[in-house]
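Asker:
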Amino acid sequence: MTPMIDIVFQLIIFFIVAITIQKDFDREIILAPAHESPIIEGDDPTTFIVEVDKRGWISIYGAQLSKSKLRQIIRRRYNRYGQYPVLIRGDYRTRHNDIRAVMDICSEEGIWRVSFVAIQEKKT
Amino acid sequence: MKKKSKRKSAEQPKLEMTPMIDVVFQLLIFFIVTLKQEDIYAHLDVNRPAPDSKPPPEKVDLLEIMVYDEKKLGGEGFSMQGKKVSLRVIERRLKRLARFSPNMSVIIKCHGESRHLNLVRLLNVCADAGLNNLSVFSL
Numbered sequence: 010m011t012p013m014i015d016i017v018f019q020l021i022i023f024f025i026v027a028i029t030i031q032k033d034f035d036r037e038i039i040l041a042p043a044h045e046s047p048i049i050e051g052d053d054p055t056t057f058i059v060e061v062d063k064r065g066w067i068s069i070y071g072a073q074l075s076k077s078k079l080r081q082i083i084r085r086r087y088n089r090y091g092q093y094p095v096l097i098r099g100d101y102r103t104r105h106n107d108i109r110a111v112m113d114i115c116s117e118e119g120i121w122r123v124s125f126v127a128i129q130e131k132k133t
Numbered sequence: 188m189k190k191k192s193k194r195k196s197a198e199q200p201k202l203e204m205t206p207m208i209d210v211v212f213q214l215l216i217f218f219i220v221t222l223k224q225e226d227i228y229a230h231l232d233v234n235r236p237a238p239d240s241k242p243p244p245e246k247v248d249l250l251e252i253m254v255y256d257e258k259k260l261g262g263e264g265f266s267m268q269g270k271k272v273s274l275r276v277i278e279r280r281l282k283r284l285a286r287f288s289p290n291m292s293v294i295i296k297c298h299g300e301s302r303h304l305n306l307v308r309l310l311n312v313c314a315d316a317g318l319n320n321l322s323v324f325s326l
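Sequence order for the protein chains is A and B. Here the first sequence is numbered in this note's numbering, starting from 10 and rising by one per residue. Here the second sequence is numbered in this note's numbering, starting from 188 and rising by one per residue.
1. How do the region 223-235 of chain B and the region 301-317 of chain B stand: do at least 3 beta-carbon pairs fall below 8 Å, yes or no?
2. Buried or exposed for T103/A, going by 16 or more other Cβ atoms inside 10 Å?
3. Taking only the alpha-carbon atoms, compute the straight-line gap between E117/A and M253/B and give it to the nearest angstrom.
4. Is it right to say V126/A is buried, meaning 16 or more other beta carbons lie within 10 angstroms of its own, or is it exposed?
5. Using a cut-off of 9 Å between C-beta atoms, extract the partners of R109/A located in chain B.
6. According to DSSP, what are the bridge partners of I249/B?
7. If you compare alpha carbons, which of K258/B, E251/B, R286/B and L281/B is closest to Q325/B?
8. Taking 7 Å as the limit between beta carbons, can you name the residues of its chain near A314/B, skipping five residues before and five after?
9. Between the C-alpha atoms of L202/B and A27/A, what's the straight-line distance to the nearest angstrom?
10. Could you compute how far the alpha carbon of L318/B sits from the alpha carbon of P289/B?
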């Protein structure tokens, strides 16, 4: 029995580790498909992810915040890291004006590396 | 001698494995059911002009595409050189143009009321054509 129990425990450890890797994003945001675009590779620790839902509400890792607060965070990060990439996770139904608000804040604070996140390949 | 060996075997505790294996299998099934595979994400990079700057003057290797609200103006939500066009037409033209000048600048003018989906679809087509010099202006 011992080898079998060993295998089962190995599997359990794998699943526990795999589950904790999943990031805390707003699950209500439905991203647009972009099957021909380059995949996001690596994990740049300085990357800043801003989420904009279909109503135009801005959030970071599920925490909703105002435009002035976002500006403050972006400015503080800029003072600490200098130029860093900003990824905008916008719902496909969001009006461009709401996405524009985030892009304007970025460029006003000196951030020029702005990208949109889309789904390259859907798994779920 | 016989009495001694009997006492020894009675003292040794026996480990019951069956409930433990049951629990372990329950946990395993739980993790298999709850584990979700992550989607693969793509990034669409854009250049963002300063909010108060004007679009650069027209050049030969500069292409302008407009994204608008298709619910108000009809069509698929795109126009190229002042004419409403479908995304498929844009894709065909961009691929042809990219063959001659791969460093061509594409200026995307996006209407405020247009959906984010339209912009992403257009950026995806540009990425497919191999055009990386993309600027997004908001109207």
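Yeah, the Cβ is synthetic: ideal placement off N, Cα and C, and Gly gets one too. Note that this is a predicted model, so its numbers are computed, not measured.
Answerer: With the structure as the only source:
1. yes
2. buried
3. 24 Å
4. buried
5. C297, G299, V323 and S325
6. Here the sequence assigns Leu to residue 249/B, which means Ile is not the residue at that position. In DSSP, L249/B forms a bridge with S292/B.
7. The amino acid occupying residue 325/B in the given sequence is Ser; Gln does not appear at that position. Of K258/B, E251/B, R286/B and L281/B, the residue nearest in Cα terms is E251/B.
8. L231
9. 31 Å
10. 6 Å
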